[in-house]
DNA sequence: TATATAAAAATGAATGTTCATTCTTTTTTT
DNA sequence: AAAAAAAGAATGAACATTCATTTTTATATA
């Protein structure tokens with residue numbers, strides 16, 4: 001194993017420990033010492049990879065956000081119709097939230113607390129551009145409601161976050177049929193009804 | 195001013211300071227000393243009203259949740275049609291999220307982090323029963339989609355939380371027209387389409 | 001190839017601060 | 001004047017970060 005690889009492994013272990021512990025205890029209730037222990041390194045080692053605790057969580061956020069959007073757009077190409085494009089992206093997002101539940105929960109926590117620096121949040125938002133572009137096209141073609149992207153996101157995408165939380169906390173089990181219902185609701189709520 | 199009143203004032207000041215500071219800094223980043231300062235009491239005084247910090251935040255949560263649901267159901271009565279009932283409740287919830295933005299943000303943070311005890315979260319959920327009852331009736335009458343309450347909530351109610359966050363953080367301004375759009379999306383996504 | 005040495009990476013313990021909570025005293029109320 | 005409420009200072013634990021050493025890795029030399 002090359003030297004560089006080993007470093008990356010350690011960095012990844014730190015990122016993963018951060019996600020796990022923050023999900024279960026929250027940012028300020030997870031000490032650096034526990035992150036170190038879970039990643040099998042000394043506390044001091046963390047500071048070879050990150051400036052400080054805030055930097056660690058900011059970078060974790062950006063990394064998970066990139067994972068999320070890469071996953072979301074992996075099978076999407078801009079040549080399809082708006083409707084097909086949306087279904088493609090939406091289902092990938094649903095997939096991500098189900099399969100990468102821990103990552104999804106981490107993002108939800110970041111997006112609903114003051115735990116992440118404003119700058120890193122801005123950085124994270126940029127990755128969503130392809131979806132916004134698709135919506136812009138959809139509005140121009142009269143297929144998607146001519147309303148704010150915030151409303152579109154709130155109704156078409158965000159509900160999946162709520163479902164992931166519900167699944168994690170309550171006995172509620174989210175299966176394929178639910179996802180299909182949810183997709184229909186999502187599309188219904190953003191498509192333009194002439 | 196009677197003795198009891200004075201105590202209630204102090205307790206309320208503590209609850210409000212907690213909401214304010216937790217909204218801006220998160221639970222673990224708001225020291226008891228700051229809560230005390232903002233409420234104009236000594237740190238020691240907090241412990242005359244609450245057992246400890248966790249108890250303070252649990253009770254704040256339950257209180258805000260009660261405020262929320264009282265507001266939501268204030269103008270609702272069970273005699274109306276499902277459709278009218280839902281619109282009544284939905285619009286009150288929207289109102290609450292806009293007018294009691296700080297309270298709404300506090301709830302969002304509680305619901306997306308491990309900051310509240312499981313027991314208190316359970317307690318908070320109970321208050322939502324009238325809405326669940328309305329949905330049950332709606333499903334029986336074939337007016338509302340026969341799907342999980344979690345899905346209904348995710349699609350019809352939760353998006354408002356996202357919008358409040360977006361409004362607070364981004365330049366996005368949520369006005370009456372948006373609310374009407376949002377209501378239509380909410381209803382579209384839960385009504386049963388024969 | 002084997003060994004010596006310099007550089008880099010990693011460590012565990014130490015440091016100083018912050019904070020929740022408690023203790024003792026003072027103020028207010030009855 | 002007794003009881004209750006409130007205060008501010010004190011206490012001790014937890015924690016982020018740094019420091020002094022040790023261990024590992026890479027490089028150079030024989």
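Residue numbers (the numbering used here), protein chains in the order written: chain A, 1 to 194; chain B, 195 to 388. Positions of the beta carbon are idealized from the N, C-alpha and C atoms, including for glycine. Fair warning: this is a prediction, and the values are worked out from it, not measured in the lab.
Only those residues of the stretch 307-324 of chain B whose C-beta falls short of 7 Å from the nearest C-beta of chain A are listed: 307, 308, 309. In terms of CA proximity to residue 59 of chain A, A:16 leads the group A:80, A:16, A:165.
Residue 220 of chain B has a beta carbon lying within less than 9 Å of a beta carbon in chain A. At a cut-off of 9 Å between C-beta atoms, residue 29 of chain A counts as an interface residue with respect to chain B. Note that the C-beta distance between residue 220 of chain B and residue 309 of chain B is below 9 Å. Not a single CB atom of chain B sits nearer than 9 Å to the CB of residue 68 of chain A. Taken atom to atom, the span from the alpha-carbon of residue 329 of chain B to that of residue 89 of chain A is near 30 Å. The alpha-carbon separation between residue 214 of chain B and residue 293 of chain B amounts to approximately 15 Å. Burial state of residue 361 of chain B is buried, judged by a 10 Å Cβ sphere holding 16 or more other Cβ atoms. Interface annotation, residue 339 of chain B: in contact with chain A, CB-CB separation under 9 Å. Rounded to the nearest angstrom, the gap between the Cα atoms of residue 124 of chain A and residue 272 of chain B is 44 Å. If only uninterrupted alpha helix (DSSP H) runs of at least 4 residues are considered, those enclosed by the stretch 43-109 of chain A are 43-49, 53-73, 82-99.
Under the Cβ criterion of 9 Å, residue 384 of chain B is counted among the residues facing chain A. When the five nearest sequence neighbours on each side are left out, the beta carbons in the same chain lying within less than 7 Å of the beta carbon of residue 279 of chain B are those of 270, 328, in order along the chain. Pairwise C-beta distances place the stretch 354-371 of chain B in contact with the stretch 146-156 of chain A, as three or more of them are shorter than 8 Å.
Note on geometry: alpha-carbon atoms of residue 378 of chain B and residue 159 of chain A lie some 16 Å from one another. One finds 145, 147, 151 in chain A with Cβ atoms closer than 8 Å to the Cβ of residue 375 of chain B, taken in chain order. Here the C-alpha atom of residue 156 of chain A lies approximately 26 Å from the C-alpha atom of residue 119 of chain A.
Contact annotation for residue 43 of chain A against chain B: no contact, minimum CB-CB distance about 19 Å [criterion: below 7 Å].
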